[in-house]
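Numbering (this note's numbering), first residue to last: 632 to 929.
Note that the Cβ used here is the ideal one computed from N, Cα and C, for glycine as well.
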């Protein structure tokens, strides 16, 4: 048993322990053993060390679990049967006739696959729907259009003249530059793309490019991953407006984040955590699939 507050265990140490230990590892645990009712033995651990890592000793093998209770969710039914996702997604089910999910008649494969793909797309839109999102998931555009939709929203919300002020828009973690393309080439709005793969938006980077940041009109980020919080913090520090569309929480990279005394580990908590940084931060929803909530400061 590992419990925060006992011995030297803290929540941070337990979180790290959960990341360090994997199935198949050999560990050495120090502590005391207690005999409970029913003959069960409870080991209260005071330390835990990985003696031998499965990944190191078996680099080419995956560990197997002797017994498991399989649970299935988000199944898609065709003609009243639970369809095999591997068979209908790309025709690559390795189980073949031994598969306990439905494959259907071979002669109807194309027709059934088209139906499966349509139902899967509808299911993904439903699953991606956020609690407060008022938009109909079936009316949303494809993810491939999100850069255009985001820039349309920026222009509508802030106006072209304001976005063109100073050095224009700073697009952080913009990847291949879809948002920058929409802003600069389609709308004549000066845009600087910042996306060094292994760097971070920190004080040193801001100091090195101080004139750019100080004169910019706004800092934006479309699904900026690790840079999400940094965009908010940097914009607030420089008294600049910002607009971000959060996506991944990255709780493993930022284990010290806390909101209402709880670890920031879910998307909803992450949004609450970011909005708590300033009372003026607002939110809206953009009409495309996936994570589509934009947090912004005017």
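Since residue i sits in a beta bridge, which residues does DSSP pair it with?
i, result
"residue 683", "657"
"residue 1001", "Examination of residue 1001 is not possible in this model, given that the chain is present from 632 through 929 alone."
"residue 823", "801"
"residue 915", "925"
"residue 741", "Paired residue(s): none; residue 741 is not in a bridge."
"residue 675", "663"
"residue 712", "709"
"residue 733", "714"
Quick check: the Cα distance between residue i and residue j, rounded to an integer number of angstroms?
i, j, result
"residue 714", "residue 879", "30 Å"
"residue 873", "residue 782", "13 Å"
"residue 806", "residue 778", "11 Å"
"residue 848", "residue 791", "11 Å"
"residue 793", "residue 826", "24 Å"
"residue 639", "residue 726", "48 Å"
"residue 659", "residue 716", "41 Å"
"residue 780", "residue 834", "31 Å"
"residue 914", "residue 685", "45 Å"
"residue 819", "residue 894", "42 Å"
"residue 917", "residue 925", "7 Å"
"residue 785", "residue 800", "10 Å"
"residue 824", "residue 846", "15 Å"
"residue 839", "residue 803", "15 Å"
"residue 680", "residue 712", "47 Å"
"residue 903", "residue 752", "29 Å"
"residue 687", "residue 910", "49 Å"
"residue 668", "residue 662", "20 Å"
"residue 721", "residue 814", "37 Å"
Can you tell which of the options has the C-alpha that lies nearest to the C-alpha of residue i?
i, options, result
"residue 858", "899, 679, 641, 905", "905"
"residue 920", "707, 755, 896", "755"
"residue 776", "927, 923, 929", "923"
"residue 884", "793, 647, 641", "647"
"residue 797", "803, 816, 809, 822", "822"
"residue 641", "669, 677, 723, 876", "677"
"residue 929", "918, 917, 912", "912"
"residue 749", "708, 862, 689", "708"
"residue 739", "752, 710, 730, 753", "710"
"residue 897", "876, 881, 732, 724", "881"
"residue 816", "723, 736, 889, 795", "795"
"residue 841", "889, 868, 812", "868"
"residue 877", "741, 843, 889, 927", "927"
"residue 860", "731, 729, 901", "901"
Once the 5 residues before and after residue i are set aside, which same chain residues still bring their CB inside 6 Å of it?
i, result
"residue 664", "672, 674"
"residue 866", "850, 873"
"residue 769", "Caution is warranted here: a pLDDT of 49 is assigned to residue 769, below 50, making its placement in the model unreliable, and no coordinate value can be reported."
"residue 683", "657"
"residue 809", "778"
"residue 788", "none"
"residue 735", "743"
So, at 7 Å on beta carbons, what are the nonlocal neighbours of residue i in its own chain, with the 5 sequence-adjacent residues on each side left out?
i, result
"residue 942", "Here the chain comprises residues numbered 632 to 929, so residue 942 is not present and cannot be evaluated."
"residue 666", "672"
"residue 889", "895"
"residue 862", "803, 832, 850, 852, 855, 873, 875"
"residue 706", "713"
Given the structure, does residue i come close to the ligand ATP, in the sense that its CB is under 6 Å from one of the ligand's heavy atoms?
i, result
"residue 717", "As far as ligands go, the structure on display features none, and thus does not contain the ligand ATP."
Using C-beta distances below 8 Å, list every residue in its chain close to residue i, excluding the 5 sequence neighbours before and after it, in chain order.
i, result
"residue 643", "886, 887"
"residue 650", "883"
"residue 864", "908"
"residue 812", "778"
"residue 689", "655"
"residue 843", "798, 801, 823"
Alpha helix (DSSP H) runs wholly inside the stretch 834 to 897, at least 4 long, in chain order = Here the runs fully enclosed are 834 to 839, 841 to 846, 859 to 868.
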